[in-house]
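First the structure, in the form of structure tokens, and then the observations on it.
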Amino acid sequence: QVQLVESGGGLVQAGGSLRLSCVASGSIFSINAMGWYRQAPGKQRELAAVITSGGRTTYADFVKGRFTISRDNAKNTVYLQMNSLKPEDTAVYYCNINVALGTNYWGKGTLVTVSS
């Protein structure tokens, strides 16, 4: 059984910063990619950022230059540093990991609210 627990969400004013964390635990042999997705009210879930086991990162255009994804392999943890937040960044942010055999796991999400 694999569990993902996100933390770090909350309410912040526009222009502010938040740092999200996601810890993976359970029967994990190795983790390939780790990523953050978000889902705003009434919208589909979308990729924000992903990082491979080798440290290669990919960002959605709407977060480039503002968000930074990183991971600590020893701790099975992925982070998302979010700077210059905008009201349109308001969403539930979900952690996702891809492990051996291509299985994906999801966290329950953490709410980020950016006030104008």
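When we follow the numbering used here, the leftmost residue of the sequence shown carries the number 91, and every step to the right adds one.
Using N, Cα and C, we set each Cβ at its ideal position, and we do this for glycine too.
Just so we're clear, the structure is a prediction, and the values are computed from it rather than from any experiment.
Taking buried to mean at least 16 other C-beta atoms within 10 Å of its own C-beta, is residue i buried or exposed?
i	result
Arg146	exposed
Asn186	buried
Ala190	exposed
Ala181	buried
Leu175	buried
Asp162	exposed
Pull up the distance between the alpha-carbon of residue i and that of residue j, whole angstroms please.
i	j	result
Val95	Thr193	17 angstroms
Gly100	Leu108	8 angstroms
Gly105	Phe119	39 angstroms
Trp196	Lys154	23 angstroms
Tyr149	Glu136	11 angstroms
Leu201	Pro177	13 angstroms
Ser160	Asp179	19 angstroms
In the DSSP assignment, what are the bridge partners of residue i?
i	result
Phe119	Answer is none; Phe119 lacks a bridge partner.
Phe157	Met172
Thr142	According to DSSP, Thr142 bridges with nothing at all.
Arg128	Glu136 and Tyr183
At 3 residues or longer, what runs of the beta strand (DSSP E) sit wholly inside the segment 159–203? 167–172, 181–189 and 194–196
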